[in-house]
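Undergrad: First the structure, then my questions, so here it is.
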Amino acid sequence: MTVRPLARRRIGAAGIGSMLAIALAAMTVTLAACDAGSQTAGAKSDGSGNAQVSADVNTNANGNANANTNAGVGTQASASLDSTSTAASSVKVAAHEAGQTRAQVYESVRQMTALGKQLFFDASLSGSGKLACASCHSPDHGFSPANSLSVQLGGNDMHRTGMRAAPTLKYLQSVPAFAEHYHESDDEGDESVDAGPTGGLTWDGRVDRGSDQARIPLLSSFEMGSTPAKVTAAVKAAPYAAVFRTAFGAHIFDSDEATFNAVLQALETFEQAPEIFYPYTSKYDAYLAGKTQLTKAELHGLEVFNDEKKGNCASCHISQRTMDGAPPQFSDFGLIAIGVPRNRALQVNRDPHFYDLGACGPERTDLKGRAEFCGIFRTPTLRNVALKKSFFHNGIYHSLDQAVRFYAQRDTNPEKFYPVVKGKVQKFDDLPQRYWTNLNTDPPFDRKPGDKPVLDEAEIKDVVAFLNTLTDGYKAGDKAGNQAAAN
Ligand code: HEC
Ligand code: HEC
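As numbered in the UniProt record's numbering, residues 1 to 487 make up the sequence shown, in order.
In structure tokens form, the structure reads like this:
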């Protein structure tokens, strides 16, 4: 059984080193926020720097040189101010070596981010002409869906569905690349501890980069259903075609593949904009910075969330700053099986033999047949979770109360969550029994029928109140968290 210690993770400086090497090899270097002071002033003032750097966006070639040790949508060094400025000056040197001034680097990132933003909202990239990235990832909902469907509609007739709920796109910057065995490299951490399968993008961690991820919905027959040729035609006809040409070269449209890859790069760069995707402006961030108080209910919810014998939520959804002061991500990015019930409303699940087994398939193929990976899904961040309307990988629940109640009562009152057939509860009905050994058994999953639920009604309510403090956009003076977050 994998033991997940109350670990605080950060991505070590290794990423910066390898990136510098790439940069010195004269790759184009883009720099999203080399100066913590300018773009993450809030974070800086409360003692945590946040330098985000991306060595990438090579426009001329299949420049897939990959300097990132992170999956996420770029490499982020969450670091103390000291190492932040080290990172910044490394990049300055690198940019200089690559023949770019700091101003040019900023300009190039600005341009790419602006293009990526336009692409993100452009439905003409899709086969139907009706679906943009933003259709499923709404900026007003933490880049998760605006509606409460378990899974979103797509495909050329806009009637097709996949098997998974669309996740938030915020706070993906420090998701590490997928590893079967993840070893803690935090200052306080013990590198000999194997935290198990960790990282990668999507619910099953099957891709490591934002650009590779963006390829999936663009080409998927049940999402945007497009092709590189259609995407190229759309970009050529778009109002931003000229800017696109300026950014990627006069001949970019000569090749559909090159244009498609440039689109993926621009989307990845957009997803790295710190002020949009990881602003750390929640009430909880203000609380950590000593700028606001939590209400009694929120504070009690936090205690229950952290208590190893109660919610034990923070063992997977990390709630404390890292040792060097970087803000918590509310995920350790581990892939874990928690036995979420089968969502019988999904089209795919009409086939009784079909199972979405997460990392062992069917969407992910490289770990097929590896029983130990069946039923595991990546722990999502809980930042902005109150803006979501469907919860868990199959979108089965539609309120935070239901999601938290699942943790509180799954084992004491399984009949509330799983079907009952002839008086017998069909527990873990979305995971064939041969994989049940993969299920996590630490608190809160250490009970049986007849035991007291790990959280009582008042505690469930308070945990939900606490989760409502994780929504970005808090302004001092707001009463109970951000009210837009009300679930
Ligand atoms: C039809 C709805 C839909 C559209 C359109 C869509 N996505 Fe997604 N997105 C999803 C779903 C569902 C997932 C989870 C996929 C999985 O786990 O297999 C996802 C996952 C992601 C992730 C990974 C998030 C994580 O937590 O690891 C990123 C990044 C992303 N989408 C970006 C995009 C971009 C960029 C576009 C446009 C090119 C896009 N999406 C279009 C539904 C959509
Ligand atoms: C053992 C690790 C672990 C623990 C402990 C844990 N979670 Fe989770 N959490 C996960 C994983 C993994 C998922 C996604 C599971 C899936 O969809 O199959 C998840 C999903 C969620 C979601 C849905 C988020 C979304 O975007 O759909 C919420 C809400 C949540 N957890 C809250 C909590 C709370 C509250 C607690 C404590 C009572 C808790 N978690 C304890 C690992 C954990």
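Here a beta-carbon is modelled for each residue, glycine too, at the ideal position from N, C-alpha and C.
Assign G116 to one of two classes, buried (16 or more other C-beta atoms within 10 Å of its C-beta) or exposed (fewer than that).
TA: The residue labelled residue 116 in the question sits at position 116 within the sequence shown. The residue is buried, with at least 16 neighbouring Cβ atoms inside 10 Å.
Undergrad: How long is the line joining the alpha carbons of A266 and A237, rounded to whole angstroms?
TA: Within the sequence shown, numbered from 1, the residue matching residue 266 stands at position 266. Within the sequence shown, numbered from 1, the residue matching residue 237 stands at position 237. Whole-angstrom Cα-Cα distance: 17 Å.
Undergrad: For L125, collect the residues of the same chain with a Cβ closer than 8 Å to its Cβ; drop the 5 residues on either side in sequence, then sort them by chain order.
TA: In the sequence shown, counting from the first residue as 1, residue 125 sits at position 125. Excluding positions up to five away in sequence, the list reads L119, A132, L218, M224, S226, K230, V231, A234, V235 and V263.
Undergrad: Counting only the same chain and skipping the five closest in sequence on each side, list residues whose C-beta sits under 7 Å from that of P341.
TA: Walking along the sequence shown from the start, residue 341 turns up at place 341. Cβ neighbours of P341 beyond the five flanking positions: I396, F417, Y418, D429 and D430.
Undergrad: What separation, rounded to the nearest whole angstrom, lies between the Cα atoms of P139 and G423?
TA: As a working mapping, residue 139 is identified with position 139 in the sequence shown. As a working mapping, residue 423 is identified with position 423 in the sequence shown. Rounded to whole angstroms, P139 to G423 spans 45 Å at the Cα level.
Undergrad: Which of helix, strand or coil does DSSP assign to G154?
TA: Walking along the sequence shown from the start, residue 154 turns up at place 154. Three-state result, G154: strand.
Undergrad: Would you say the stretch 456-472 touches the stretch 282-300, given that touching needs at least three Cβ pairs under 8 Å?
TA: At 8 Å Cβ cutoff, the stretches touch.
Undergrad: Could you compute how far the alpha carbon of N440 sits from the alpha carbon of H137?
TA: Here residue 440 corresponds to residue number 440 of the sequence shown, with the count starting at 1. Here residue 137 corresponds to residue number 137 of the sequence shown, with the count starting at 1. Taking the straight line joining both Cα atoms gives about 30 Å.
Undergrad: Starting from the Cα of N261, find the closest Cα among A247, P228 and G290 and give me that residue.
TA: In the sequence shown, the residue the question calls residue 261 occupies position 261. When only C-alpha atoms are compared, the closest one is P228.
Undergrad: Exposed or buried, what is G361 when buried is set at 16 or more other beta-carbons lying within 10 Å of its beta-carbon?
TA: By 1-based counting over the sequence shown, the position of residue 361 is 361. So G361 ends up on the buried side.
Undergrad: Taking the alpha-carbon positions, what's the H393 to T101 distance?
TA: Counting from one through the sequence shown, the residue named residue 393 turns up at place 393. Counting from one through the sequence shown, the residue named residue 101 turns up at place 101. C-alpha separation (whole angstroms): 44 Å.
Undergrad: I'd like to check one pair, G358 with F339: are the Cβ atoms closer than 8 Å?
TA: In the sequence shown, the residue the question calls residue 339 occupies position 339. In the sequence shown, the residue the question calls residue 358 occupies position 358. The amino acid at residue 339 is misidentified as Phe; the sequence shows Gly. Cβ atoms of G339 and G358: not closer than 8 Å.
Undergrad: So the candidates are Y240, G205 and E268; which of them puts its Cα closest to the Cα of R215?
TA: Counting from 1 along the sequence shown, the entry for residue 215 is found at position 215. Ranking the options by Cα distance to R215, first place goes to E268.
Undergrad: Should F403 be counted as a contact of ligand 2 given a C-beta to heavy atom distance under 7 Å?
TA: Here residue 403 corresponds to residue number 403 of the sequence shown, with the count starting at 1. The displayed chain sequence assigns Ala, not Phe, to residue 403. Because some heavy atom of ligand 2 lies under 7 Å away, the Cβ of A403 counts as near it: yes.
Undergrad: Taking the straight line between their C-alpha atoms, what separation do you get for V207 and G450?
TA: Start at 1 with the first residue of the sequence shown, and residue 207 comes out as number 207. Start at 1 with the first residue of the sequence shown, and residue 450 comes out as number 450. Cα to Cα, the separation comes out at about 42 Å.
Undergrad: How would you label E271, buried or exposed, when you count the other beta carbons within 10 angstroms and need 16 or more for buried?
TA: Against the sequence shown, residue 271 aligns to sequence position 271. It counts as buried.
Undergrad: Report yes or no: do the stretch 280-289 and the stretch 316-336 share at least 3 C-beta pairs separated by less than 8 Å?
TA: Short answer: they touch.
Undergrad: Does the count of Cβ pairs from the stretch 175-182 and the stretch 150-166 closer than 8 Å reach three?
TA: Not touching, per the Cβ criterion.
Undergrad: By a C-beta neighbour count over all protein chains shown, 10 Å radius and 16 as the cutoff for buried, is K427 buried or exposed?
TA: Walking along the sequence shown from the start, residue 427 turns up at place 427. So K427 ends up on the buried side.
Undergrad: Going by other Cβ atoms of all chains shown within 10 Å of its Cβ, with 16 needed for buried, is V53 buried or exposed?
TA: As a first step, residue 53 is located in the sequence shown; it is residue number 53 there, counting from the start. Reliability fails at V53, whose pLDDT of 35 lies under 50, so the model's placement of it is uncertain and the value that follows must be treated cautiously. That one is buried.
Undergrad: Could you check which residue in Q104, R447 and V421 has the C-alpha nearest to that of N413?
TA: Walking along the sequence shown from the start, residue 413 turns up at place 413. Per the Cα distances, R447.
Undergrad: Mapping DSSP to helix, strand and coil, what is F333?
TA: Within the sequence shown, the letter at position 333 stands for residue 333. F333: coil per DSSP, three-state reduction.
Undergrad: Measure the C-alpha to C-alpha separation of K389 and G311 and round it to an integer number of angstroms.
TA: In the sequence shown, residue 389 corresponds to position 389, counting from 1. In the sequence shown, residue 311 corresponds to position 311, counting from 1. Each residue's alpha carbon lies about 22 Å from the other.
Undergrad: With a threshold of 16 other CB atoms inside 10 Å of the CB of M163, please say whether the residue is buried or exposed.
TA: As a first step, residue 163 is located in the sequence shown; it is residue number 163 there, counting from the start. It counts as buried.
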